[in-house]
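Colleague:
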Amino acid sequence: MFTAVVDALTDVNGREGGPAVASGEDSKPERISEAEHAVMEVLWDRSPLTAAEVCDAVCEQRDWSMPTVKTLLSRLVAKNAVATEPDGRRFLY
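Just so we're on the same page, our numbering is the position in the sequence shown counted from 1, plus 404.
1) Label residue 461 either buried or exposed according to how many other C-beta atoms from any shown protein chain fall within 10 Å of its C-beta, with 16 as the threshold for buried.
2) Between residue 473 and residue 480, how many whole angstroms is the CB-CB distance? I'm expecting something under 8 Å.
3) Can you confirm whether residue 462, when its beta carbon is compared against all beta carbons of chain C, has any partner nearer than 8 Å?
4) Go ahead and pull the three-state DSSP assignment for residue 480.
5) Have a look at the DSSP bridge pairing and note the partners of residue 450.
6) When the Cα of residue 445 is compared with those of 458, 435 and 433, which residue comes out closest?
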């Protein structure tokens, strides 16, 4: 099962109530951007998904391309907000 640890500490502008992700047991949570949060909302609703499926959900409404979605997913993986699972030649998030 895919899990993302999210704690509503402060938003990207430092106000209370925005998203943050835990990056380790004793470290402060890493902030996620508004764009990363949009990707997380899709994953919370429908994971596991491929990058193409995430793009289908957000690219048209946000005027994003597939490389944009893949970059955001990579950032979320690096922040330990999203896990990956190999599925043939692609990954599920």
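Cβ coordinates follow ideal geometry from the N, Cα and C atoms, glycine included.
Modeller: Let me lay it out:
1) Position 57 of the sequence shown, counted from the first residue, corresponds to residue 461. Buried is the call here.
2) In the sequence shown, the residue the question calls residue 473 occupies position 69. In the sequence shown, the residue the question calls residue 480 occupies position 76. With a Cβ gap of about 11 Å, residue 473 and residue 480 do not count as contacting.
3) Given the protein chain composition of this structure (a single chain), no chain C is represented.
4) On the sequence shown, position 76 is the one that residue 480 refers to. DSSP places residue 480 in helix when its eight states are reduced to three.
5) Indexing the sequence shown from 1 puts residue 450 at position 46. Its beta-bridge partners do not exist; DSSP assigns none.
6) Locating residue 445 in the sequence shown gives position 41, where the first residue counts as 1. Closest by alpha carbon: 458.
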